[in-house]
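In our numbering, the protein residues as written are 337 to 628.
Everything on this sheet refers to the single structure shown next.
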């Protein structure tokens, strides 16, 4: 009841007419199910998201694995014997030095996540990118899009991940094999990865990720090309900033917007999409605003 009351309160202050909004389930729907897991992606599809947002890394045997970190995050992972992983040991569980068969033995859902108390707890593994795509293509009753984040940075090169050119090549190969180039976005904070995407396949949409301690303008200037999408931390956005960049032809898709009030504000500011751990909230709020 309290959640419904909050929804009703925020929509009293504003009401948008119909607006196209790309609703992206962050790591599937991390607020409801273990992140980047098959159950999370299934739930996101059941809710009716337009885009599955996910992260990828590379295994020792060159498989594209869906994972936010290139190692076993101690907050959420149990080892094959069901034991917790110590915080100071997590980076020794380096996915780039593990075969996928080994990676799949780790439980990434039973422990749960301390920041998401309503998340369903169940035993899950880190899936392959191709498995997520095949799930979505077979399960969704509408055309689904994919927003794939390449988790590279300079410190990870040849330690936790391949160098960007090889990393991107492996990801693009999976995308091409499923013929979803026209429904794929590649995003990254790493400008080198985005440059590699542009060089290897200039047909795929590219999203520039901008952290809350970065400047959108400065980061754009560092690219040799113009990306289709800017995805900043939502706190970097206001009406003037959004209008400026949309006026220059960019789509604006902020992350990670979880609070009902913030979701409402982003919709009212007419962003092009919203990345959220709770896509159910975005969908419900958008529907309520449309009905008023």
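Cβ atoms here follow ideal geometry from the backbone N, Cα and C, with glycine treated the same way.
Put simply, of 517, 419, 610 the residue whose alpha carbon is nearest the alpha carbon of residue 386 is 610. With a cut-off of 8 Å on Cβ pairs, the region 430 to 438 is not in contact with the region 470 to 487, counting fewer than three such pairs. With contact defined as three or more Cβ pairs closer than 8 Å, the region 409 to 417 and the region 500 to 514 are not in contact.
Exclusion of the five residues before and after residue 443 leaves 414, 459 as the residues of its chain whose Cβ lies within less than 6 Å of its Cβ.
For residue 429, there is no enclosing beta strand (DSSP E), since its DSSP letter is neither H nor E.
If only complete runs of 4 or more residues are kept, the region 525 to 613 shows the alpha helix (DSSP H) at 527 to 536, 552 to 557, 575 to 583, 596 to 604, in order along the chain.
Exclusion of the five residues before and after residue 379 leaves 365, 368, 369 as the residues of its chain whose Cβ lies within less than 6 Å of its Cβ. Straight across, the Cα-Cα distance linking residue 517 with residue 539 is about 7 Å. If you compare the alpha carbons of 495, 559, 494 with that of residue 524, the shortest gap goes to 559.
Within its own chain, the residues whose Cβ lies closer than 8 Å to the Cβ of residue 363, once the five positions on either side in sequence are excluded, are 371, 372, 376, 389, 390, 391, 404, 613, listed in chain order.
Taking every protein chain shown into account, the CB of residue 451 has fewer than 16 other CB atoms within 10 angstroms, so this residue is exposed.
Comparing alpha-carbon positions, the option among 570, 588, 406 lying closest to residue 428 turns out to be 406.
The continuous beta strand (DSSP E) containing residue 359 extends over residues 358 to 362. Measuring C-alpha to C-alpha distances from residue 561 to each of 549, 618, 467, 541 identifies 541 as the nearest.
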